[in-house]
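Student: Could you have a look at this structure, given as structure tokens, before my questions?
Residue numbers (our numbering), protein chains in the order written: chain A, 1 to 317; chain B, 1 to 317; chain C, 1 to 317.
This is how it looks when you write it as structure tokens:
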């Protein structure tokens, strides 16, 4: 049975509404994570556009960032320590590489990571790095970005582990309602295999773990994509995880918690593919008993029922 | 005062996010239905695409269906029995008739219904059939579909009743925000009358009840459409109900619980039109005190206030 | 520290789903408003299309209005009185001026306001008028509309104050996700200054207060827009307030409560610009501890933390 042992935290975001939690709310939520076996949190990014998680001279200068209300980086580090969890630091998403300037994305992030390391590197919960640049295909000079930033972060921190979380650029992204319009843009399995072999070859030694987002392809294709990914990972010495998306992509409201049946299908597909582990996106909105979305409370109970073996036979409840 | 005595259950769905309820949650919700006078539940479909409500060799073979986590058909039958309610079985929605192959829609469904009857037909709560193929106009060989499937289900089950729930293809479907763009596609009252007379003539004896969805036309038109439907129903020996949609079609979030004032307007229009009864779509998301949407809790209290006569005068609270 | 002392109530609406509250729910919510320092409520409109807040012979005749289930105008007046708050009456939004017939918008509203004044003018909580016609630019004969209706309402009521709440027609309205498509349609600061000086010059003496909606421009531009507005207000003898939008415009779900950090940024920008006060849109859905959206409960706690000085230093929690 594949268990989820890590989650992202998505506080600087472009598409998930905020729950407006204060420190005590977060404390309660870290406890809820721990209660179902999550022992690692990854702050998905320390900034996006002008919004940032902690005061940063670099980002105030480079992108005119707004001074944050709360130092979320410190808050999450402290809570991770308090609850005996590991904290992974997500770097800055400037999107410059997407707009043709990958050099700027790298340079800003070197300064951002250096500043963050100086400020938080000695924190007992600081366990590693997450490179927040998301990608589906071999594009945007992504090998250079991951190679250089992964290497830099490792050298900076005495070799702390680094991770990325790409998506599978499949039909759920292009045509979630199966209208047929953009269906042809989906990546094929052979292209996925070829491109990710090339990417992995280029970032080996710099990126330790790749957690593939599990919501990009059709439910029936996930096992194949992850199998290919695991095979490539083994070849290039990179750990392959699944990143369980706990929200529904194929509903008119974008986004509410996923139907448990779909999540279970994905967990089982990832297990069959042989992934090393499972992280999720993300606990606090979509599977927390504290979520503003009550469908998440249900999902939490379903997941606990799963952990207790409650869905092992096909017809029971 | 028109009272709602039945509800659909929409668990295999394309547009309503799931609440992730386990058996005890459903038990609680059946009790809540009963508490406001609902004594019948219709499982709206036993499958859609690859998602199904109970293990089905037919659908695993024909559409490569995913084995369901829980046998929802059995769960709902058991809960209906426990709470003294009737259960109606919704057939499979393959959509083949919409894509030009009505024969396949019929054939698959004969096998699906046969299999379901064998498996669940002896259950004390099994009270009849619901033909899930939704339609607004005379199209898609819908007469053949309803005629043949209705007849088949009746013969299979010793004459158990059959029902359908079409929509009124009006302005709320084509132009809910009244931008004017697709307003002209709405069905006119004379066309509605002519087409439904023809459909009813073709399915009489095979379909016992038609519950028209009440949310397709403008609020001010509903009484007229339902009056015409009731007149045609009387002529062809078919019971006409209203199917009260308890969600808002004219809000940017698709879909949240409807404003009570709108629902009351529709209930009163249906009553004036002379419908035989009222079912709803659907209790658990949109009018349940257990719903993840708290606006539904309010709607439940408003509806109870209505049952108690609280909105009988125009200015009271 | 800029404090919010007023809120709109948005019960006849085109884009905010209803919570289905009965009188006791509203009573509880007025108490919650009072608890955080709100002492004025503005019923944003007494009608829109065929939906109205109280029985109105005028609107039944003119626009075939539906008789309302509850007399909301009376309910809100009574609750305002009970909780020691002021009530401002929003007039009818017919949108005729937008469609080229501003004369009709004025004439209907004179009759509507006369009828309302006759019915509710003697109520101890009736404190003034709100002209519900929203506008961003100098268009739609808006000067005539505001001038004539403001004057009429003042004369009718012995000089009770009048207010409007325009929007800043900026990039958050045209391009909230920064795709670039409609970005060029945003109003520039010089155009804003010129047009609002002209509007203010035309409505001085008829409109006492302008509360600019704070969500139309980019967060970084708000201080400038409001500074210009305050300067113009001073020149023309009109009070300038900010109208704090407590919902997020830049999320895929339209609309859920805003992230507190964004709201704080807007409050601080308005304070620096020198506004006279702050109203909000609106408490009951987006910042109430009774809201159906639990993100609003969080926002309420954040705002109380702010009132208590909890965000005064940049790094505390």
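Quick reminder that beta carbons are idealized off the backbone N, C-alpha and C, glycines included.
How is the alpha helix (DSSP H) around residue 43 of chain B delimited, first residue to last?
Tutor: That residue, residue 43 of chain B, is in no alpha helix (DSSP H); its beta strand (DSSP E) goes 40 to 43.
Student: Just verifying my parser: in three-state terms, what is the DSSP assignment at residue 305 of chain B?
Tutor: helix
Student: So that I know if they touch, is there some Cβ in chain A lying closer than 9 Å to that of residue 258 of chain C?
Tutor: yes
Student: By the 10 Å Cβ neighbour count, where 16 or more other Cβ atoms means buried, how is residue 1 of chain A classified, buried or exposed?
Tutor: exposed
Student: Could you please tell me which residues of the segment 233 to 253 of chain C, in chain order, have their CB closer than 7 Å to any CB of chain B?
Tutor: If you check each beta-carbon in the segment 233 to 253 of chain C against every beta-carbon of chain B, the ones closer than 7 Å belong to 253.
Student: Can the beta-carbon of residue 219 of chain B be found closer than 9 Å to that of residue 262 of chain B?
Tutor: yes
Student: Are residue 53 of chain B and residue 277 of chain B close, meaning C-beta to C-beta below 9 Å?
Tutor: Result no, Cβ atoms of residue 53 of chain B and residue 277 of chain B do not sit closer than 9 Å.
Student: Within the chosen definition, does the segment 49 to 69 of chain C reach the segment 18 to 25 of chain C through at least 3 CB pairs nearer than 8 Å?
Tutor: no
Student: Touching or not, the segment 301 to 312 of chain C and the segment 296 to 314 of chain A, by the rule of three or more beta carbon pairs under 8 Å?
Tutor: no
Student: Which residue wins for smallest C-alpha separation from residue 58 of chain B, given the options B/108, B/165, B/244?
Tutor: B/108
Student: Would you kindly work out how many angstroms separate the C-alpha atoms of residue 69 of chain C and residue 164 of chain A, rounded to a whole number?
Tutor: Per the coordinates, the alpha-carbon of residue 69 of chain C lies some 56 Å from the alpha-carbon of residue 164 of chain A.
Student: Between A/119, A/137, A/145, A/141, which lies nearest to residue 131 of chain A when the distance is taken from Cα to Cα?
Tutor: When the alpha-carbon of residue 131 of chain A is set against those of A/119, A/137, A/145, A/141, the nearest one is in A/145.
Student: Under a Cβ-count criterion, where at least 16 other Cβ atoms within 10 Å of its own Cβ denotes burial, should residue 181 of chain A be classed as buried or exposed?
Tutor: exposed
Student: Which first and last residues belong to the beta strand (DSSP E) in which residue 140 of chain A is found?
Tutor: That residue, residue 140 of chain A, is in no beta strand (DSSP E); it is neither H nor E in DSSP.
Student: For a quick check, are the C-beta atoms of residue 116 of chain C and residue 93 of chain C less than 9 Å apart?
Tutor: Cβ atoms of residue 116 of chain C and residue 93 of chain C: not closer than 9 Å.
Student: Shorter than 9 Å from the beta carbon of residue 29 of chain A to some beta carbon of chain B?
Tutor: no
Student: Shortest alpha-carbon distance to residue 23 of chain B belongs to which of B/211, B/174, B/45, B/74?
Tutor: B/74
Student: Check each residue of the segment 297 to 310 of chain B: if its Cβ is closer than 7 Å to any Cβ of chain C, include it; give the result in chain order.
Tutor: 298, 299, 301, 302, 305
Student: If you measure between the beta carbons of residue 240 of chain B and residue 211 of chain B, is that distance less than 9 Å?
Tutor: yes
Student: Name, please, each residue of chain C whose Cβ falls closer than 8 Å to the Cβ of residue 265 of chain B.
Tutor: 66
Student: Where does residue 316 of chain B fall in DSSP's three states?
Tutor: Interpretation of residue 316 of chain B is limited by its pLDDT of 41, a score under 50 that renders its predicted location unreliable; no figure is taken from the coordinates.
Student: Quick one, which of B/27, B/171, B/137, B/141 has its alpha-carbon nearest residue 370 of chain B's?
Tutor: Because chain B here runs from 1 to 317, residue 370 of chain B falls outside it and cannot be looked at.
Student: Identify whether residue 23 of chain A lies in helix, strand or coil by the three-state DSSP scheme.
Tutor: helix
Student: According to the Cβ coordinates, are residue 225 of chain C and residue 267 of chain C closer than 9 Å?
Tutor: no
Student: Alpha carbon to alpha carbon, how far is residue 95 of chain B from residue 133 of chain B?
Tutor: 8 Å
Student: Under a CB-based cut-off of 9 Å, is residue 50 of chain A close to chain C?
Tutor: Output row for residue 50 of chain A: interface = yes.
Student: Going by CA-CA distance only, name the one from A/129, A/98, A/227 that's closest to residue 193 of chain A.
Tutor: A/227
Student: Give the interface partners of residue 293 of chain A over in chain B, defined as CB-CB distance under 8 Å, in chain order.
Tutor: The answer, in chain order, is 292.
Student: Are there 16 or more other CB atoms within 10 angstroms of the CB of residue 191 of chain B, so buried, or fewer, so exposed?
Tutor: exposed
Student: Is the CB-CB distance between residue 242 of chain A and residue 40 of chain A below 9 Å?
Tutor: no
Student: For residue 22 of chain B, go through chain A and note every residue whose CB falls closer than 8 Å to its CB, in chain order.
Tutor: 298, 301, 302, 305, 317
Student: In the DSSP assignment, find the beta strand (DSSP E) that holds residue 213 of chain C and state where it starts and stops.
Tutor: 209 to 213
Student: Closer than 9 Å, CB to CB, is residue 272 of chain B near chain C or not?
Tutor: no
Student: Count the other CB atoms, across all protein chains shown, that sit within 10 Å of the CB of residue 185 of chain B; report buried if there are 16 or more and exposed otherwise.
Tutor: exposed
Student: Runs of 3 residues minimum, wholly inside the segment 98 to 183 of chain A: which ones carry the beta strand (DSSP E) assignment?
Tutor: 126 to 130, 162 to 164
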